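The next block holds one structure in the form of structure tokens; read it before the comments.
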Amino acid sequence: MLAKARAVAPDQTTEADAEWVESVIDSALDALREPFLPCCVMLDYQENNVNVDQATGGTWRVSGVFDLMGLFFGDGEAALSRQAGEYVERDASLAGEYLRSYIRRLHPALSSVHAGSAARGVGVGLPDRHRVVGPQLEPAGACATLH
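Quick note: the sequence shown uses our numbering, first residue 2, plus one each step.
Quick look at the structure:
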């Protein structure tokens with residue numbers, strides 16, 4: 002992809018850009034080696050794009066999904082950072098709970114300390130003014146990391 006960018010716009014892709022891309026890939030190699038089972042991923046899965054019904058016993062369930070434009074098959078974790086970022090914009094505690102719930106479901110035996118380590122890369126898509134600190138997501142200068 003970098004070679005294509007350089008071919009299309011050679012004066013726009015600097016050596017610093019190339020080094021940054023390589024560093025991001027290198028830092029993610031362990032995560033890229035993790036096996037995954039491809040699934041249906043909807044990047045815009047949110048309250049505005051679902052219908053819900055109240056089931057017997059009072060619990061709510063999703064009864065319909067629409068706006069499938071961003072749907073593809075791949076690694077389900079691809080949707081984590083976008084949805085967490087959407088929650089951050091409304092209420093940072095929602096984003097923290099969303100990520101903790103995902104981690105608990107994926108790795109129920111993990112403690113909160115290990116859960117943060119397991120999801121370290123998830124924060125990439127969070128707005129720069131937020132970060133996850135321990136189990137809490139809170140505003141932070143120019144940091145977008147998950148501790």
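Ideal Cβ placement from N, Cα and C applies to all residues, glycine included.
Remember, predicted model here, so these are calculated numbers, not experimental data.
Asked, Found
"Ala80 and Val42 closer than 8 Å at C-beta", "yes"
"Close beta carbons around Leu44, own chain, < 6 Å, minus the five adjacent residues each side", "Gly71, Ala80, Arg83"
"From Tyr46, Trp61, Gln47, residue whose alpha carbon lies closest to that of Val53", "Trp61"
"Own chain, CB closer than 7 Å to Phe67, minus 5 neighbours either side, in chain order", "Asn50"
"Sub-8 Å separation of Glu87 and Gln47 beta-carbons", "yes"
"Arg106 to Ala17 span [Cα, whole Å]", "39 Å"
"Which of helix, strand or coil DSSP assigns to Leu69", "coil"
"8 Å CB neighbourhood of Val63 in its chain, flanking five on each side removed", "Val51, Asn52, Val53"
"For Asp12 and Phe37, believed in contact at Cβ under 8 Å, the rounded distance", "With a Cβ gap of about 38 Å, Phe37 and Asp12 do not count as contacting."
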